[in-house]
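A.B. asks: Structure below; questions to follow.
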Amino acid sequence: MPVKIKRIYEPPAQSDGQRILVDRLWPRGMAKAQACIDLWLKDVAPSADLRRWFGHKPERWAEFQKRYLAELAGNPALEELRRLARGKPTTLLYGAKDEIHNQARVLADRLNGP
Numbered sequence: 598m599p600v601k602i603k604r605i606y607e608p609p610a611q612s613d614g615q616r617i618l619v620d621r622l623w624p625r626g627m628a629k630a631q632a633c634i635d636l637w638l639k640d641v642a643p644s645a646d647l648r649r650w651f652g653h654k655p656e657r658w659a660e661f662q663k664r665y666l667a668e669l670a671g672n673p674a675l676e677e678l679r680r681l682a683r684g685k686p687t688t689l690l691y692g693a694k695d696e697i698h699n700q701a702r703v704l705a706d707r708l709n710g711p
C-alpha cells in the first residue's frame, strides 16, 4: 500500500488512513484540533541546520535529497515510520507550500521504493 503525502492545510479525507505529521516544527496557523493527526513524528524530519540551508529553494533540491537521506540512514524514527506504514493506508503530512520539493516527498519515495 503506497504511502501518500498531503499538505496539512488540506482537509482530511477518509482515504488518508493514518495521518502522520513529518515536520519538526508545528505548521503555522494550524490548530492541533483541526489537524486531525494520528502522530507527530518530529524525529524523522530534517535537522534544523539542513532545513534552514535548504530554505525550499528548488535549485538545492537534489543536494537536499542527498543530505536528508544521509541523515535518515540509521535514524530509528525512519524505521518506526516504516513499521507504522506497513500494510496500512498512510498519509505523510507537511506544512511546506511547495508540493514537490519537501521532506515528505523524500520520505514517501524512500518508503515506497524497493
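The opening residue of the sequence shown carries number 598 in our numbering; numbering runs sequentially from there. Virtual Cβ for every residue (Gly too), placed ideally from N, Cα, C. On a predicted model such as this, the values are computed, not experimentally measured, just so you know.
Using 7 Å as the cut-off, classify the Cβ of Q700 as near or not near the heavy atoms of the ligand PLP, replying yes or no.
C.D. replies: Only the bare structure without any ligand can be found here, which leaves the ligand PLP out of the picture.
A.B. asks: In chain order, which continuous runs of the alpha helix (DSSP H) of length 4 or greater are located wholly inside the region 653-686?
C.D. replies: Qualifying alpha helix (DSSP H) stretches, in chain order: 658-669, 673-682.
A.B. asks: According to DSSP, is L638 part of a helix, a strand, or is it coil?
C.D. replies: In this structure, L638 counts as coil in the three-state DSSP scheme.
A.B. asks: Hey, would you say Q615 sits closer than 8 Å to P686, going by beta carbons?
C.D. replies: Yes, they are a contact pair.
A.B. asks: For the beta strand (DSSP E) that contains Q611, what are its first and last residues?
C.D. replies: Neither: Q611 is in no beta strand (DSSP E) and is coded neither H nor E.
A.B. asks: Taking the alpha-carbon of L678 as reference, which of A628, D613, V619, R625 has the nearest alpha-carbon?
C.D. replies: Ranking A628, D613, V619, R625 by Cα distance to L678 puts V619 first.
A.B. asks: Using only alpha-carbon positions, find the residue among G626, I697, D695, T688 that is nearest to N709.
C.D. replies: That would be T688, whose Cα lies nearest to the Cα of N709.
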